[in-house]
Amino acid sequence: MEVASSSVSVIAGQPGEHVVVWGPGSLSNLGPGFDALGLCIQGLGDRVEAWRTETPGVTLVEANGLPGSTIPVDPARNTATVAAAAVLRQAKARHGVALRLYKGLPAGSGLGSSAASAVAGAWAANLLLDQPLPRETLVEAVLEGEAVASGSRHGDNVLPSLLGGLVLVSASDPTCYRRIPLPAPLAIALILPRVAVLTRTAREILPRQVAFQDAVHNASALAFMIDAFRSGDWEAVGRWMMADRIVEPVRATLVPCYEAVRQAAVSAGAFGCALTGSGPSMFALARDALHARQVLSAMREACLESGVEVEGYVTAVDFEGVRQL
Ligand code: HSE
0 MEVASSSVSV IAGQPGEHVV VWGPGSLSNL GPGFDALGLC IQGLGDRVEA WRTETPGVTL
60 VEANGLPGST IPVDPARNTA TVAAAAVLRQ AKARHGVALR LYKGLPAGSG LGSSAASAVA
120 GAWAANLLLD QPLPRETLVE AVLEGEAVAS GSRHGDNVLP SLLGGLVLVS ASDPTCYRRI
180 PLPAPLAIAL ILPRVAVLTR TAREILPRQV AFQDAVHNAS ALAFMIDAFR SGDWEAVGRW
240 MMADRIVEPV RATLVPCYEA VRQAAVSAGA FGCALTGSGP SMFALARDAL HARQVLSAMR
300 EACLESGVEV EGYVTAVDFE GVRQL
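In numbering that gives the first Met the number 0, the protein residues as written are 0 to 324.
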């Protein structure tokens with residue numbers, strides 16, 4: 000069941016001793032890193048309030064979304080409840096958990112909305128255990144949560160939201176991952192063009208077969224980009240980020256302002272600009288927060304000139320990941 004509402008009361012309930020958790024949003028793919036690379040970001044995310052119940056299982060007491068948003072309230076289809084239930088199962092808990100979900104991330108934005116809820120639900124359930132489990136042991140639970148939204152187990156949003164920072168994850172086995180250290184802060188301009196892009200559509204239009212040269216090119220582009228991230232060479236990061244030949248050129252067709260925004264960001268001095276996830280959100284890397292504001296303003300203007308309404312933010316890397324507030 001999906002309910003289109005900004006505030007849905009599912010089951011009446013009152014919290015006793017409760018925890019409040021922040022599940023941060025994330026940028027994913029970053030050009031050539033399709034399903035393999037994600038970056039946790041500050042300021043945008045989902046919030047979960049949770050408390051223990053004597054009845055086993057997970058109850059979604061309330062789901063508050065952004066105006067006009069759609070939140071799955073069936074506990075078997077909501078990423079927060081599925082991930083929380085997986086944690087309770089993993090810990091063999093005898094109690095249950097009730098959740099209130101406050102969505103700050105719009106679904107279908109490319110900012111890891113379903114992942115942020117999954118991670119927040121899992122972390123809340125974990126904090127309510129008699130003996131909380133270490134963060135790294137929740138990978139399976141959050142992948143399970145994310146899978147109910149996307150239909151596949153990919154870790155490029157859930158793992159950065161869980162662990163913080165930049166995470167490289169295997170596209171074929173998302174339990175295999177590595178956190179990539181970033182030696183310096185990174186300023187990010189982020190726009191959310193008001194264009195509907197369904198993740199499912201954005202995955203369906205991808206080619207089933209690719210030219211050998213393009214596959215080889217993308218593999219080396221990702222390798223160079225990871226090396227550039229590790230060494231803080233943002234110019235090289237930006238260059239390789241814009242070098243994807245397989246996924247982004249196809250998805251660009253779904254975002255009418257794509258070319259104009261990229262050009263505007265680069266003309267404003269951004270190191271690079273790309274779609275995040277399946278779009279339509281786009282981000283650009285800048286020298287510092289002041290420069291990111293200038294880049295943002297150029298990106299917004301390009302979007303509006305293309306006839307697309309837009310929201311924009313300046314953000315930075317969240318190195319901590321999911322946390323209790
Ligand atoms: N890597 C995924 C994609 C992220 O690009 O389809 C969206 O969930």
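Just so it is clear, CB atoms sit at the ideal spot from N, CA and C, and this is done for glycine as well.
CB-CB under 7 Å to residue i, same chain, minus the five flanking residues each way: which ones, in chain order?
{"i": "Cys39", "result": "Pro23, Ser25, Pro159, Ser160, Gly163, Gly164, Val316, Asp317 and Gly320"}
{"i": "Ala242", "result": "Gly30, Pro31 and Ala220"}
{"i": "Leu167", "result": "Ala35, Leu36, Tyr176, Arg177, Ile179 and Ile225"}
If I follow the unbroken alpha helix (DSSP H) through residue i, where does it start and stop?
{"i": "Glu203", "result": "Thr198 to Glu203"}
{"i": "Leu221", "result": "Phe211 to Ser230"}
{"i": "Ser27", "result": "Looking at the DSSP string, Ser27 is not in any alpha helix (DSSP H); the run it does join, the beta strand (DSSP E), is His17 to Ser27."}
{"i": "Met281", "result": "Here Met281 belongs to no alpha helix (DSSP H); instead the beta strand (DSSP E) covers Met281 to Ala285."}
{"i": "Glu304", "result": "Ala288 to Glu304"}
So residue i and residue j are in contact, right, with Cβ under 8 Å, and what is the actual spacing, rounded?
{"i": "Thr78", "j": "Ala117", "result": "4 Å"}
{"i": "Ala85", "j": "Glu139", "result": "7 Å"}
{"i": "Pro55", "j": "His94", "result": "7 Å"}
{"i": "Gly92", "j": "Leu128", "result": "The sequence given here places Ala at residue 92; Gly does not occur at that position. Going by Cβ atoms, the distance from Ala92 to Leu128 rounds to 6 Å, so yes, they are a contact pair."}
{"i": "Leu303", "j": "Gly237", "result": "Not quite, the Cβ-Cβ distance comes to about 24 Å (not below 8 Å), so this is no contact."}
Taking Cβ to Cβ, would you say residue i is nearer than 8 Å to residue j?
{"i": "Ser305", "j": "Ala251", "result": "no"}
{"i": "Val20", "j": "Gln323", "result": "yes"}
{"i": "Ser230", "j": "Pro182", "result": "yes"}
{"i": "Asp45", "j": "Leu100", "result": "yes"}
{"i": "Val309", "j": "Val254", "result": "no"}
{"i": "Gly276", "j": "Ser113", "result": "no"}
{"i": "Ala188", "j": "Met298", "result": "yes"}
{"i": "Glu234", "j": "Phe270", "result": "yes"}
{"i": "Val265", "j": "Cys256", "result": "no"}
{"i": "Arg51", "j": "Val147", "result": "no"}
{"i": "Arg199", "j": "Pro173", "result": "no"}
{"i": "Gly278", "j": "Ala170", "result": "no"}
{"i": "Leu197", "j": "Leu110", "result": "no"}
Take residue i and list the residues in its own chain whose beta-carbon comes closer than 6 Å to its own, dropping the five residues that flank it on each side.
{"i": "Ala214", "result": "none"}
{"i": "Ala82", "result": "Ala117, Gly120, Ala121, Ala140, Val141 and Gly144"}
{"i": "Ala210", "result": "none"}
{"i": "Ser108", "result": "Leu191 and Ser280"}
{"i": "Tyr312", "result": "Leu189"}
{"i": "Gln263", "result": "Note that residue 263 corresponds to Ala in the displayed sequence, not to Gln. Once the five neighbours on either side are set aside, the close Cβ partners of Ala263 are Ala297, Met298 and Ala301."}
Please list, in chain order, all residues of the same chain as residue i whose beta carbon is under 8 Å from its beta carbon, the five residues on each side excluded.
{"i": "Val7", "result": "Because the pLDDT at Val7 is just 47, under 50, the model does not fix this residue reliably, and the point stays unresolved."}
{"i": "Val249", "result": "Ile204, Leu205 and Pro206"}
Between which two residues does the beta strand (DSSP E) carrying residue i extend?
{"i": "Gly271", "result": "Gly271 to Leu274"}
{"i": "Ala186", "result": "Ala186 to Pro192"}
{"i": "Gly320", "result": "Element bounds for Gly320: n/a, residue is neither H nor E."}
#### Entry: Secondary structure, alpha helix (DSSP H): runs of 4+ residues fully inside the stretch 38-108
Note on the stretch 38-108: whole alpha helix (DSSP H) runs with a minimum of 4 residues are 78-89, in chain order.
### Task
Counting only runs of 4+ residues fully inside the stretch 146-179, write out the alpha helix (DSSP H) ranges in chain order.
157-162
### Ordered list of alpha helix (DSSP H) runs contained in the stretch 111-145, each at least 4 residues
112-126
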